[in-house]
Amino acid sequence: MITRFTLLFTLATSVAAGATYELPPLPYGKSGLKPMLGSKTLEIHHDKHHAKYVNTMNSLVEGTNLENQSLEKIVRSSYKKNQALFNNAAQAWNHSFYWKCMKKRGGGEPPAGSKLADAINDSFGSYDEFRKQFSEAANTAFGSGWAWLVCNRKGKLSVCKTIGADNPMVSTSAGIPILTCDVWEHAYYLDYQNLRPNYIDVFLDKLVNWEYVSENLERAMDSGLCAEL
C-alpha cells in the first residue's frame with residue numbers, strides 16, 4: 001500500500017538522484033535556423049550528440065561530491081583530473097553555449113557604437129580583422145574542435161581555437177568565452193558536407209547572436225564570470 005510518507009519519500013529521493021544537469025531546449029526549435037542549418041542537423045546534433053554528453057556526465061557524477069554542482073563547476077573540477085568526466089561535461093557546456101550564440105537573422109557586424117563593437121575595434125583594429133582571425137581559427141582547428149572569442153577582465157578580446165572538448169575557461173589563459181562556433185563535423189556535415197569554410201561564413205554572416213555575445217562581454221568585464229547556462 002502506498003502511503004503519503006512513501007510517496008513523499010519517493011519524490012524526495014527522485015529529486016536527490018535526479019540529473020545534475022538537464023539538456024536545455026534549443027532556443028529556436030529544430031527548424032528555427034533554416035535554411036542556414038537544417039532541421040535534421042539540429043535534431044541529430046541536439047537530441048543525439050548533446051544529449052549523450054549530458055547523460056554521460058550525469059552518470060559519471062552520480063554519487064560523487066560533484067553531483068548537483070553547476071556545470072561550470074564540474075568542468076573546472078574535472079580538468080586534468082578525470083578526462084572522461086571533463087570531456088562530457090565540457091561538451092555539455094560547449095553545446096549549451098553554442099546554441100545561444102546563434103539566432104535567425106543574426107550575423108554580420110555588431111551594432112555600431114555598442115560596447116561590443118568598440119571592443120572588437122579596439123582589440124582587432126576592425127571587424128574585418130576579427131572576422132579574418134575567427135574564420136582562420138575555425139577553419140584550422142584540426143579534426144574536431146571549437147573557435148572562440150574570449151575576453152579578459154580589462155575588456156581585451158582575442159580569438160583562439162581548441163581541439164576536442166577543450167574550453168578556454170580552463171585550457172588556455174586567453175580569457176572568458178563570449179562566443180563560440182562548433183566545428184565538429186556533426187555540426188554542419190548534413191548541410192555543407194566537407195565545406196567547413198562555407199559553414200563558417202554562414203555562421204558569421206547570418207547566425208551570430210550579437211545580443212547574447214554583448215551580454216557575455218558585460219558579464220565577463222563586470223564579474224569575471226562565464227555565461228550562465
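Per the working numbering, the very first residue in the sequence shown carries number 1; after that it's consecutive.
Built from N, CA and C at the ideal position, the CB exists for glycine as well.
Here the structure is a predicted model, which means the values were calculated and not measured.
For residue 150, the enclosing beta strand (DSSP E) covers residues 145–151. Note that the C-beta distance between residue 119 and residue 164 is not below 8 Å. Under the rule that a run must span 4 or more residues, the alpha helix (DSSP H) segments found entirely inside the stretch 26–66 read 39–42, 51–61. By the Cβ rule, the stretch 102–116 does not count as touching the stretch 144–154, because fewer than three pairs are nearer than 8 Å.
Counting the other CB atoms within 10 Å of its CB gives residue 153 a total below 16, which places it among the exposed residues.
Contact between the stretch 172–187 and the stretch 63–74 is absent: fewer than three C-beta pairs spanning the two stretches fall below 8 Å. In this structure, 37 is the residue among 32, 26, 157, 37 with its C-alpha nearest to the C-alpha of residue 191. Rounded to the nearest angstrom, the Cβ distance from residue 174 to residue 160 is 5 Å, consistent with a contact under 8 Å.
Within its own chain, the residues whose Cβ lies closer than 6 Å to the Cβ of residue 210, once the five positions on either side in sequence are excluded, are 110, listed in chain order. Rounded to the nearest angstrom, the Cβ distance from residue 23 to residue 99 is 11 Å, too far for a contact under 8 Å. Of the other Cβ atoms in all chains shown, 16 or more fall within 10 Å of the Cβ of residue 220; this residue is therefore buried.
Residue 191 is not bridged by DSSP to any residue. Around the beta carbon of residue 126, a 10 Å sphere encloses fewer than 16 other beta carbons of the protein chains shown; the residue is thus reported as exposed. Taking 8 Å as the cut-off, the beta carbon of residue 63 is found no closer than this to the beta carbon of residue 207.
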